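Beneath this line is the structure, given in structure tokens, with notes to follow.
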Amino acid sequence: MASRSIWTGSITFGLVNIPVKLFVAVREKNIQFHMLHDQDHVRLQRKMICPADGKEVHSEHVVKGYELSPGQYVVVREAELEAAAPKKSKTIEIEDFVDLGQIDPVYFDRPYYVVPQEQGVKAYRLLVESMEKSKKVGVARFVMRNKEYLCALRPQEGALVLETMHFNDEVIPVDQVDGVPHKAKSDERELKMASQLIESLSTKFKPEKYHDTYREAVQEIIEKKAEGEKIVTPPDVEVKKKGGATNLMAALEASLAKAKGSARAPAAAHTAARTTRRRRSA
Amino acid sequence: MKLLQTSNTQKRRRTVTARQEMPLLLPPMLAVLSQRLPVKPADYAFEYKWDGVRAICRWDGRQFSLQSRNQLDITNRYPELWPLGDVFGSRPVMLDGEVIALDEKERPSFSRLQRRMHVRDMTAVRRLMSEVPIFFVIFDVLWLDGQSLIELPWIQRRDRLEELELSGPAWLRSPAHIGEGEGVLAAARQMELEGVVAKRLDSPYRPGLRSPDWLKVKIVADDEFVIGGWVPEAGTRTNRVGSLLLGYYDELKQLHFAGGVGTGFNDDDHKRLSRLMRSLAQSTSPFADRVPKVGALFVKPQLVAQVEYRRKGPEGILQQAAFKGLRTDKDPDEIELA
């Protein structure tokens, strides 16, 4: 992999110590836009403005405040935060091994690939193989960028994947969500029908099947623009469809003209509404 | 009825510009049903009656909205009409008109519009826009440039309406013809429209009022049909006739289904028909074609019904049919398609 590792350290459990590196396993593909001035397309900058005097405040004068009550802040200095930060450790400490099925996917946050350093290859292989055999995953803690993470280590195709996890108090229990129905026994027949429906729609999960169509559409716009093509939003209503109503009006007009032609004489005195009226209002 | 609700922002703006407040809502003026055209056509303008849903469009210079006859906000159901606001730019305006859909013959079709008029989900609306395009046929202007026009006589409002650029991809001005009732009625009949509306030239716009200043004349066709079956009324009184199944003979003496008629029965008709239907019952269908009616019961084709209807739809099926009576003077075998 060409990308750079984002963390180096070692996995430890018991007396085992395996030197490893972490690589990101997921790259978000959101399209980044920048804010430009519409007049001259100059890239805009954000500035911090003090509303008290409207003047810009430079970053060296910006401190962090925690709002105790509206308008009441305690200021916490960077140094104080650093002192509270977890000790920079270089280890992923496996505390427990559990069955993967026991961890609800709601706990998982971001995945990283764990790759052994040179001197750790043998131990790494041993760990992966034994985890595959026992069908267990390791629950561990480690520190990355001043933050302590809970994580799961699981084998995947001969490698280890580290999934950072949410702490228990970050996950909202389902019973705190409004509108989740209580468990109740469903009608046997309905249940059978629903099961059959699920069965008929069942297939293998093929992730390549699902695309981010919005991103693809935006990408296409950007590419066309870059090639100098003028992008116009297609009108929602095709011109042809306008024809429908105007055709109808034309047909009515023709129909009326015919009716007038064959009508009694008095009708002729009130030809085209518009001209009659013009004469009146003049 | 809350006639003149006004938003706070408008109140504030008013103090600055001294303009009139444009109402947030205006219930549309309604027409009285008339059996015939007015006696003095020269006093009236004649417009086609559009078979769709009435809508009042409001543009305050920033926001476009569309309001139904019962003052519901239906803006999101017809995105085709949103660009109408751009036409007016900074000019606030309120327009009265009818949202219509066209059938494959490019005639207004209410049944087709029904596929659009209840859809609120934006994704579904977007999908249906190409399938069932709609048009806003505009026939009145109630507000323009900070001035209410509703007190003006129809003819002056029409002048203002004709000064507006009202020809867009999904909207257009409804034609109006002064004094030409007969001609407009004939054209409406030929094009199978619902009817004609006659509007007094000197009449102001009366929001929410069913006023005799506006007269609607409906076009109805009238014909005789053979009764070949019936569908009992839904619910408990199952021996009552819910609808009669009608037909006509072709040159090969085959009875063709022409739809059902479910309105226009009085109590005597009900009594008489349910008795007759039971005495003429037969188990097989007298119709040559399949009758797409759930719960249909069949009778010997011996009775002739006089029926009024709006028009014949696809496959000769009557639309908006109403029962007028039994024709005891007619032999069912005579009933052929004219």
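So the protein sequences, as listed, match chains A and B.
Take the first sequence: its letter number 62 is residue 62 in this note's numbering, and every next letter is one higher.
Plus 1000 on top of the position in the second sequence (first one is 1) and you've got this note's numbering.
For every residue, glycine included, the Cβ atom is placed at its ideal position computed from N, Cα and C.
Nothing here was measured: the structure is a model prediction, and the numbers come from that model.
For S1174 of chain B, there is no enclosing alpha helix (DSSP H), as DSSP marks it with neither H nor E. Of the residues B:N1076, B:D1043, B:F1136 and B:D1289, the one whose Cα lies closest to the Cα of T1123 of chain B is B:N1076. Shown here, Y1205 of chain B sits in coil according to DSSP, grouped into three states, outside any helix or strand. Secondary structure at G1146 of chain B: coil, using DSSP grouped into helix, strand and coil.
Between K29 of chain A and E157 of chain A, the alpha-carbon positions lie close to 25 Å from each other. Bounds of any beta strand (DSSP E) do not take in D1267 of chain B; it lies within the alpha helix (DSSP H) bounded by D1267 to S1279.
Rounded to whole angstroms, the separation of the alpha carbons of I221 of chain A and Y214 of chain A is 11 Å.
Residue environment analysis places M48 of chain A among the exposed positions, since fewer than 16 neighbouring C-beta atoms fall within 10 angstroms of its C-beta. Nearest Cα to V137 of chain A within the set A:K225, A:A194, A:Q72 and A:Q102: A:Q102.
Per DSSP, reduced to three states, the secondary structure at Q156 of chain A is strand. Nearest in C-alpha terms to F1064 of chain B, of all of B:L1024, B:M1029 and B:V1099, is B:L1024. Ranking A:S200, A:V16 and A:T246 by CA distance to the CA of L126 of chain A puts A:V16 first. Contact between the stretch 1155-1170 of chain B and the stretch 1106-1118 of chain B is absent, with fewer than three C-beta pairs closer than 8 Å. Counting only runs of at least 3 residues, the stretch 69-126 of chain A fully encloses the following beta strand (DSSP E) elements, listed from N- to C-terminal order: 72-76, 91-99 and 108-116. Between L1144 of chain B and D1096 of chain B, the C-beta gap is not smaller than 7 Å, which leaves the two residues out of contact.
Contact of F1136 of chain B with chain A is not assigned, every C-beta pair being separated by 7 Å or more.
Contact with chain B is absent for G261 of chain A, since none of that chain's Cβ atoms lies less than 7 Å from the residue's Cβ. Taking each of A:S10, A:V218 and A:L36 in turn and checking the Cα distance to E118 of chain A, the smallest one comes out for A:S10. With distances taken between CA atoms, D104 of chain A lies nearest to A:H166 out of A:L201, A:H166 and A:S195.
Any Cβ of chain A closer than 7 Å to the Cβ of M1191 of chain B would place that residue at the interface, and such an atom is present.
Residue pairing from DSSP places G1260 of chain B in a beta bridge opposite B:L1245.
For N1076 of chain B, the secondary structure class from DSSP, reduced to helix, strand or coil, is helix. Checking the DSSP bridge columns, you'll see K1199 of chain B partnered with B:A1045 and B:W1214. Distance check between P1041 of chain B and each of B:R1200, B:P1133 and B:E1162 places B:R1200 closest, using alpha-carbon atoms only. Judged by beta-carbon spacing, W1171 of chain B lies within the 7 Å limit of L1084 of chain B, meaning their Cβ atoms are closer than that value. Here Q1067 of chain B is buried: its Cβ has 16 or more other Cβ atoms, across all protein chains shown, within 10 Å.
Contact between the stretch 1187-1198 of chain B and the stretch 251-260 of chain A is present: three or more C-beta pairs spanning the two stretches fall below 8 Å. The C-alpha of V1184 of chain B lies about 9 Å from the C-alpha of K260 of chain A. DSSP, read as helix, strand or coil, puts F1088 of chain B in helix. For the stretch 1177-1205 of chain B, the residues whose beta carbon sits under 7 Å from a beta carbon of chain A are, in order, H1177, I1178, G1179, E1180, E1182, G1183, V1184, A1186, A1187, Q1190 and M1191. In the DSSP assignment, F23 of chain A falls within the unbroken beta strand (DSSP E) covering V16 to V24.
Residue-level contact check: G138 of chain A does not touch chain B, since none of the beta carbons of chain B fall below 7 Å from its beta carbon. Residue pairing by DSSP puts K1312 of chain B in a beta bridge opposite B:L1318. Looking only at B:L1081, B:Y1249, B:D1269 and B:R1311, the smallest Cα-Cα distance to P1332 of chain B is reached by B:Y1249. With at least 16 other beta carbons inside 10 angstroms of its own, D1051 of chain B counts as buried. I1056 of chain B counts as buried, since no fewer than 16 other beta carbons sit within 10 angstroms of its beta carbon.
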